[in-house]
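Residue 454 is where the sequence shown starts when you use our numbering, and the numbers rise one by one after that.
Yeah, the Cβ is synthetic: ideal placement off N, Cα and C, and Gly gets one too.
The structure displayed is predicted, hence computed values, not measured ones.
What follows is a short report on a single structure.
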Amino acid sequence: GQVSCELSGEAPLSIVASPGGSYKVVTASALDREQAAEHRVTVVARDRGRPALWSSAELVLEVSDVNDN
C-alpha cells in the first residue's frame with residue numbers, strides 16, 4: 454500500500470519522499486549548535502487503508518560544533 458510521512462516539532466528539518474517508497478529527513482537550513490544543541494521531532498507514517506494504520510517515532514538530533522576543540 455501507499456504510505457505518507459510527516460514531521461511534527463520545532464526544527465529546521467523536512468521530510469522528503471525518495472524513490473522506492475522510502476523517505477529521508479533533510480535540513481531546511483544550516484544547524485547551529487549555539488542556537489540549539491539538539492532538535493527533537495516526531496516522524497508519523499500513515500497508510501491509506503481503511504482503517505488507516507499509523508506509527509510514530511521520535512528523532513533526537515544532537516548538533517556538534519565543528520569549531521570545538
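Query: Give a yes or no on contact between the region 512-520 and the region 477-494, applying the rule of three or more CB pairs nearer than 8 angstroms.; Result: yes
Query: Can you tell me which of R486, A498, R499 and V496 puts its alpha carbon nearest to the alpha carbon of N520?; Result: R486
Query: Candidates R503, Q488, K477 and D518: which alpha carbon is nearest C458's?; Result: K477
Query: At which residue ranges does the region 483-510 contain complete beta strand (DSSP E) runs of 3 or more residues, listed in the order of the chain?; Result: 491-500
Query: Measure the Cβ-Cβ separation of W507 and R501 and say whether it is below 8 angstroms.; Result: no
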